[in-house]
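Here the sequence shown is numbered in this note's numbering, starting from 551 and rising by one per residue.
First up is the structure itself, then whatever we jot down about it.
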Amino acid sequence: MSEKFQGSFTQQEPIPDAGIEAALQILKSGRLHRYNIAEGEHGETALLEQEFAASVDAKYCLAVASGGYAMATALRAVGVKAGDKVLSNAFTLAPVPGSIAAVGGVPVFVGVTRDLTIDLDDLAAKADLADVLMLSHMRGHMCDMDRLMAICDAAGITVIEDCAHTMGAKWGDTFSGRHGVMGCYSCQTYKHVNSGEGGLLVSDDDELMARAIMLSGSYMLFERHLAGPPKEAFANIKYETPNISGRMDHLRAAILRPQLADLDTQVTRWNERYVAVEDGLQDTPGLTVVKRHEKESYVGSSIQFLLEGWSDAAVNDAIARCGARGVELKWFGGAEPVAFTSRYDSWRYAPSEPMLATDDILRGIVDMRLPLTFSIEDCQQIARIIRAEVSAVYQGQDS
Ligand SMILES: *Cc1c(COP(=O)(O)O)cnc(C)c1O
551 MSEKFQGSFT
561 QQEPIPDAGI
571 EAALQILKSG
581 RLHRYNIAEG
591 EHGETALLEQ
601 EFAASVDAKY
611 CLAVASGGYA
621 MATALRAVGV
631 KAGDKVLSNA
641 FTLAPVPGSI
651 AAVGGVPVFV
661 GVTRDLTIDL
671 DDLAAKADLA
681 DVLMLSHMRG
691 HMCDMDRLMA
701 ICDAAGITVI
711 EDCAHTMGAK
721 WGDTFSGRHG
731 VMGCYSCQTY
741 KHVNSGEGGL
751 LVSDDDELMA
761 RAIMLSGSYM
771 LFERHLAGPP
781 KEAFANIKYE
791 TPNISGRMDH
801 LRAAILRPQL
811 ADLDTQVTRW
821 NERYVAVEDG
831 LQDTPGLTVV
841 KRHEKESYVG
851 SSIQFLLEGW
861 SDAAVNDAIA
871 RCGARGVELK
881 WFGGAEPVAF
891 TSRYDSWRYA
901 PSEPMLATDD
911 ILRGIVDMRL
921 PLTFSIEDCQ
931 QIARIIRAEV
941 SAVYQGQDS
């Protein structure tokens, strides 16, 4: 009998007791709105912002309703208007082009490399097409950020970072989200901290953050922000900036603060699981393990590998065989969007030129979540199952 994995790929850990306790206090207080604070109180939301800003060495932080909202707010804050082109990754998830579409912008997709990072040669070639890059550190893979910033600085491109998969990650000594003018994070259930929904936006720029705070729906209460720019920064901005309501509430912030305090520990645990799967997959015939750059400190909350040059039928077969043994894999090459996974050419509101080299890579990308509810032994078992099924299909292929 071949072994079958029994765990759930969508089961996260419970909210820490401290978060549950803090949430109950908020519920009992009745003060859930971020600006509803008692005398002498700062409120959970402002405290979360202060703590997150400090944790990534940022001057300012704003907590909002979702990661996608954080990205659209950043695009608005830097001045993207209807009809403007915005560069972004071809290999990413739908909220990224969606945030560009939300402000009426037009995504211009940049290709992906075999390291699953943005293709910097393609970026350099397209640098004169737009003034803004929405850079997605998709599945936690960071490109050579030194080269990316050199290309963008030379071309006058404003960089916004989508750090939905890199909260806690670094390039060299710099936290992900701190190379661009604004960094955007998600607190949605499947990311690195979990409040169901939620987002964070960081920046060192007074004007951009003042705009973002007004946009998020601060009314004239912006002085209640502990991690916001001084009130002088709002002098004109408070009259000129629409309120596009998307605040975070105290309940979510209360759940997030203890998780943020634990993030380093969780990152270590994710990486132990990542390495367990990666080790188990090394030297599997037909399977390429994705390389990580030495300057990258990543968070292994998911893992990807490549089935390069495989036929669609063979990839589908391997995924089906793993699925039958309890291992849920996602395929980025699929022609039809499925569950959370879709390909740039399926976003028909954002037409694109075909990118042949990128299409070849996408056709081979297989993706798997690594929730912290998995033990190291679970991860070793998962790797054994993938190894066995991928090898079997590979060896049975005609070519
Ligand atoms: C989840 C995700 C987002 C958006 O986050 P939400 O909080 O769900 O809006 C953005 N980019 C990527 C790559 C994501 O996976």
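Note that the Cβ used here is the ideal one computed from N, Cα and C, for glycine as well.
Does DSSP classify residue i as helix, strand or coil?
{"i": "A622", "result": "helix"}
{"i": "F641", "result": "coil"}
{"i": "A613", "result": "strand"}
{"i": "G850", "result": "coil"}
{"i": "M918", "result": "strand"}
{"i": "F855", "result": "strand"}
{"i": "F924", "result": "coil"}
{"i": "F725", "result": "strand"}
{"i": "L683", "result": "strand"}
{"i": "S949", "result": "Unreliable placement is indicated for S949, whose pLDDT of 48 sits below 50; the coordinate value is still reported in the next sentence. In this structure, S949 counts as coil in the three-state DSSP scheme."}
{"i": "R913", "result": "coil"}
{"i": "I794", "result": "coil"}
{"i": "T891", "result": "strand"}
{"i": "T834", "result": "coil"}
{"i": "V943", "result": "helix"}
Below 8 Å on the Cβ atoms is my guess for residue i versus residue j; work out the distance and round it to an integer in Å.
{"i": "E599", "j": "C611", "result": "4 Å"}
{"i": "S726", "j": "T739", "result": "Not confirmed; about 20 Å, so no contact."}
{"i": "L857", "j": "G914", "result": "5 Å"}
{"i": "M621", "j": "V646", "result": "7 Å"}
{"i": "I794", "j": "A760", "result": "At roughly 15 Å, the Cβ-Cβ gap does not stay under 8 Å, so I794 and A760 are not in contact."}
{"i": "G748", "j": "A615", "result": "7 Å"}
{"i": "E711", "j": "L685", "result": "5 Å"}
{"i": "A613", "j": "A803", "result": "6 Å"}
{"i": "L673", "j": "L637", "result": "7 Å"}
{"i": "R689", "j": "Q854", "result": "6 Å"}
{"i": "L922", "j": "Q816", "result": "7 Å"}
{"i": "S896", "j": "P887", "result": "5 Å"}
Quick check: the Cα distance between residue i and residue j, rounded to an integer number of angstroms?
{"i": "A675", "j": "I701", "result": "10 Å"}
{"i": "L879", "j": "A573", "result": "34 Å"}
{"i": "Q562", "j": "V827", "result": "18 Å"}
{"i": "T908", "j": "G850", "result": "23 Å"}
{"i": "Q945", "j": "I911", "result": "21 Å"}
{"i": "D867", "j": "A762", "result": "47 Å"}
{"i": "S768", "j": "V731", "result": "21 Å"}
{"i": "A588", "j": "L771", "result": "14 Å"}
{"i": "G618", "j": "W860", "result": "34 Å"}
{"i": "R774", "j": "H583", "result": "12 Å"}
{"i": "E757", "j": "V658", "result": "26 Å"}
{"i": "M695", "j": "D671", "result": "13 Å"}
{"i": "I936", "j": "V840", "result": "15 Å"}
{"i": "V940", "j": "W881", "result": "14 Å"}
{"i": "S755", "j": "A785", "result": "Sequence check: residue 755 is Asp here, not Ser. So the alpha carbons of these two residues sit roughly 15 Å apart."}
{"i": "D634", "j": "A680", "result": "8 Å"}
{"i": "A632", "j": "Q556", "result": "48 Å"}
{"i": "F641", "j": "G590", "result": "47 Å"}
{"i": "Y585", "j": "C693", "result": "39 Å"}
{"i": "Y735", "j": "S753", "result": "12 Å"}
{"i": "F559", "j": "E790", "result": "46 Å"}
{"i": "A885", "j": "R871", "result": "20 Å"}
{"i": "S949", "j": "I869", "result": "The predicted position of S949 is uncertain, since its pLDDT is 48 and thus under 50; a value taken from the coordinates is nonetheless stated next. Approximately 19 Å between the Cα atoms of the pair."}
{"i": "P780", "j": "R893", "result": "42 Å"}
Ends of the beta strand (DSSP E) at residue i?
{"i": "C737", "result": "From DSSP, C737 is part of no beta strand (DSSP E); its letter is neither H nor E."}
{"i": "E711", "result": "708-712"}
{"i": "F659", "result": "656-660"}
{"i": "A752", "result": "Sequence check: residue 752 is Val here, not Ala. Note, V752: beta strand (DSSP E), 749-753."}
Just reading off the alpha helix (DSSP H) that residue i is part of, what are its end residues?
{"i": "I701", "result": "695-705"}
{"i": "L679", "result": "Premise fails: L679 is in no alpha helix (DSSP H) and is neither H nor E."}
{"i": "L597", "result": "594-605"}
{"i": "E757", "result": "756-765"}
{"i": "H691", "result": "From DSSP, H691 is part of no alpha helix (DSSP H); its letter is neither H nor E."}
{"i": "H715", "result": "First-last for H715: undefined, no H or E at that position."}
{"i": "N821", "result": "813-831"}
{"i": "N866", "result": "862-874"}
{"i": "S579", "result": "567-579"}
Just tell me which of the options has its CA closest to the CA of residue i.
{"i": "T623", "options": "A640, G655, F641", "result": "G655"}
{"i": "K554", "options": "R913, R937, V877", "result": "V877"}
{"i": "A608", "options": "M688, Y789, G778, I763", "result": "G778"}
{"i": "I505", "options": "I805, G617, S552, V606", "result": "Since the displayed the chain opens at 551 and closes at 949, residue 505 lies outside it and no answer follows."}
{"i": "L597", "options": "H800, V888, K841", "result": "H800"}
{"i": "R697", "options": "V709, M688, V636", "result": "V709"}
{"i": "L666", "options": "T815, I935, V916", "result": "V916"}
{"i": "D814", "options": "S795, S847, S616, T834", "result": "S847"}
{"i": "S605", "options": "V888, D812, Q947", "result": "D812"}
{"i": "G706", "options": "T724, Q816, D678", "result": "D678"}
{"i": "G569", "options": "F855, R807, I650, G557", "result": "R807"}
{"i": "R664", "options": "E790, L837, A938", "result": "L837"}
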